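Okay, structure first, notes after.
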Amino acid sequence: MIQKQYYGLGTTITLSVNPPATEADLDAGNHLIEHYEDILTVNRPVSEVMSVNHAAGQKPVPVSEITYNLIKRAVEVSQWHLGFNTAIGPLVKLWKIGFDGANLPADSDIKQRLKLIDPTDIQLDDTKRTVFLTKAGMEIDLGAIAKGYIADAIKALWVSRGVKSGIIDLGGNILLVGDSTHANGLWRIGVQNPLKQRHVALGVLTTPAKSIVTSGIYERYLVINGHNYHHMFDSKTGYPIQNDLESVTIISDLSIDGDIWTTEAFYQDIDKGIPLIEKQPNLEAIFVTRDFKVAITSGLRDRFALTDEQYKII
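Plus 7 on top of the position in the sequence shown (first one is 1) and you've got the working numbering.
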């Protein structure tokens with residue numbers, strides 16, 4: 008494969024294509040990433056999403072079709088109230104986990120921020136393509152959904168350019184394009200071991216071209232007085248979600264769905280998460296617990312194999 012690495016979206020990005028695709032297809036994918044990050048990021052002072060956040064409590068803000076469509080999807084999913092919440096920005100900025108200044112906030116400050124994270128306070132106007140945060144201090148954060156949206160856009164771009172086979176790896180989001188070069192056309196993809204460095208797997212998934220998205224508590228966290236605070240927040244409490252999960256991997260057709268459902272499934276834990284994913288069409292999941300147990304949905308029984316003896320499938 009022809010492969011290049013780039014830096015963006017806060018991580019190392021690896022794009023790979025099989026000939027006759029070329030390096031130009033890789034660079035085109037990276038240029039698209041840069042454009043989407045410029046308009047969707049909340050980690051810089053200026054972007055389309057930050058223009059919406061800066062106008063919170065003041066006025067609706069018109070945005071591009073790309074930004075509007077993603078915000079609209081994020082708001083819709085947030086209103087399922089299953090765990091995903093695009094209005095979580097004020098809490099993310101308060102804790103700063105994964106960024107300079109990460110801290111354990113005062114409980115009183117957390118309670119104040121809880122008043123600003125209701126997704127029903129986001130008003131959308133399809134005709135004018137505007138977004139209005141009705142309370143001052145509100146902030147949209149697309150961090151839990153933007154990578155998937157961008158990965159799907161790269162795949163669409165590659166298909167339009169005639170790319171027949173490739174891998175989009177945005178760090179946690181892997182999107183496979185076309186058939187692999189193996190005889191059966193299936194891909195073999197390692198599922199991250201949460202306790203080991205990047206690209207060390209606990210098991211291998213054999214799959215046709217799908218999206219594989221993993222969310223976990225092992226990459227961004229803060230340790231204070233021996234307590235580990237991770238970056239996945241509970242909108243009801245304002246604190247990190249409390250359960251025994253280390254990571255959730257979702258296998259889906261679209262990468263944006265992987266983003267959405269890793270968050271929902273993580274919030275639901277294994278007992279509610281497995282039945283929830285089983286009900287969704289064309290979705291499968293791998294749940295990994297802190298005590299080395301792995302639970303998989305029924306469609307993966309013949310497609311996923313453990314490679315690390317520390318772990319056991321339950």
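Glycine is no exception: its CB is placed at the ideal position from the N, C-alpha and C atoms. As the structure is a computational prediction, the values presented were derived from the model and not from experiment.
Pairwise C-alpha distance: residue j and residue i
i: R136; j: S259; result: 29 angstroms
i: I124; j: N92; result: 8 angstroms
i: L252; j: H88; result: 20 angstroms
i: I257; j: D133; result: 30 angstroms
i: L322; j: F273; result: Lying before the first or after the last residue shown, residue 322 is absent from the chain, which here runs from 8 to 321.
i: T244; j: Y14; result: 34 angstroms
i: N213; j: I20; result: Going by the sequence as given, residue 213 is Thr instead of Asn. Roughly 22 angstroms separates the two Cα atoms.
i: R308; j: E291; result: 10 angstroms
i: A109; j: F240; result: 14 angstroms
i: T18; j: G179; result: 9 angstroms
i: D278; j: S222; result: 18 angstroms
i: D116; j: V24; result: 48 angstroms
i: I267; j: N232; result: 32 angstroms
i: L111; j: Y228; result: 11 angstroms
i: E44; j: F299; result: 35 angstroms
i: T188; j: N289; result: 24 angstroms
i: A163; j: Q204; result: 31 angstroms
i: I152; j: E226; result: 17 angstroms
i: D276; j: T29; result: 42 angstroms
i: V230; j: A62; result: 34 angstroms
i: D186; j: G144; result: 47 angstroms
i: Q249; j: L261; result: 28 angstroms
i: R195; j: Y236; result: 33 angstroms
i: E271; j: P247; result: 14 angstroms
i: A113; j: K103; result: 13 angstroms
i: H42; j: L177; result: 15 angstroms
i: V70; j: L16; result: 20 angstroms
i: I224; j: K122; result: 25 angstroms
i: V68; j: P201; result: 40 angstroms
i: L193; j: D315; result: 22 angstroms
i: D107; j: A190; result: 48 angstroms
i: S242; j: N76; result: 23 angstroms
Proximal residues to residue i (C-beta, below 6 angstroms), its chain only, five neighbours per side dropped
i: I263; result: G155, Y156 and D159
i: T74; result: I46 and E55
i: P52; result: none
i: G306; result: E291
Cutoff 8 angstroms; reference residue i; Cβ partners in own chain excluding five residues on either side
i: I161; result: L22, G36, L39, I40, I175 and L182
i: I147; result: V49, V56, V59, N60, I78, A81, T93, A94, G96, I129, V138 and L140
i: K118; result: G245
i: D34; result: K11
i: Q86; result: P126 and T127
i: K319; result: F299, K300, V301 and L313
i: I9; result: S23, V24, N25, P26, A28, T29, E30 and L33
i: R297; result: D251, L252 and E253
i: K66; result: F139
i: I321; result: K300, V301 and A302
Boundaries (first-last residue) of the beta strand (DSSP E) holding residue i
i: Y236; result: H234 to H237
i: L212; result: A208 to T214
i: E291; result: E291 to T296
i: I258; result: L252 to S259
i: L229; result: Y228 to I231
i: S242; result: S242 -> no beta strand (DSSP E), and no H or E assigned at all.
i: G64; result: No beta strand (DSSP E) holds G64; DSSP gives it neither H nor E.
i: R205; result: Per DSSP, R205 belongs to no beta strand (DSSP E) and is neither H nor E.
i: R195; result: W194 to Q199
i: Q12; result: I9 to G15
i: G105; result: Unbroken run through G105: none, as it is neither H nor E.
For residue i, the first and last residue of its enclosing alpha helix (DSSP H)
i: F311; result: Premise fails: F311 lies in the beta strand (DSSP E), F311 to L313, not in any alpha helix (DSSP H).
i: D264; result: S262 to K286
i: T74; result: E72 to S85
i: K100; result: G96 to W102
i: V56; result: E55 to H61
i: I46; result: E30 to L47
Whole-number beta carbon distance between residue j and residue i, since they are thought to touch under 8 angstroms
i: V170; j: A216; result: Contact doesn't hold; Cβ gap of about 12 angstroms is too wide.
i: G105; j: H238; result: 5 angstroms
i: I210; j: F311; result: According to the sequence shown, residue 210 is Gly rather than Ile. That belief holds up - the Cβ atoms of G210 and F311 are roughly 6 angstroms apart, short of 8 angstroms.
i: Q317; j: S254; result: Actually they are not in contact, since the Cβ atoms of Q317 and S254 sit about 14 angstroms apart, beyond 8 angstroms.
i: G197; j: K142; result: 44 angstroms between Cβ atoms; not a contact.
i: D149; j: R120; result: First, the residue type needs correcting, since residue 149 is Leu and not Asp in the sequence shown. Their Cβ separation, rounded to whole angstroms, is 18 angstroms, which puts L149 and R120 out of contact at 8 angstroms.
i: G173; j: S218; result: At roughly 13 angstroms, the Cβ-Cβ gap does not stay under 8 angstroms, so G173 and S218 are not in contact.
i: T269; j: V220; result: 5 angstroms
Beta-carbon proximity list for residue i, same chain, < 7 angstroms, skipping 5 on both sides
i: T304; result: I281, I284, E285, E291 and A292
i: D32; result: V24, W165, R168 and V170
i: V84; result: F91 and I267
Residue i at chain D interface by Cβ criterion, 9 angstroms
i: L33; result: Absent from the structure is chain D; it holds one protein chain and no more.
Exercise. Taking only runs of the alpha helix (DSSP H) that begin and end inside the stretch 111 to 175, which ones reach a length of at least 4 residues, in chain order?
Worked result: 114 to 121 and 153 to 167
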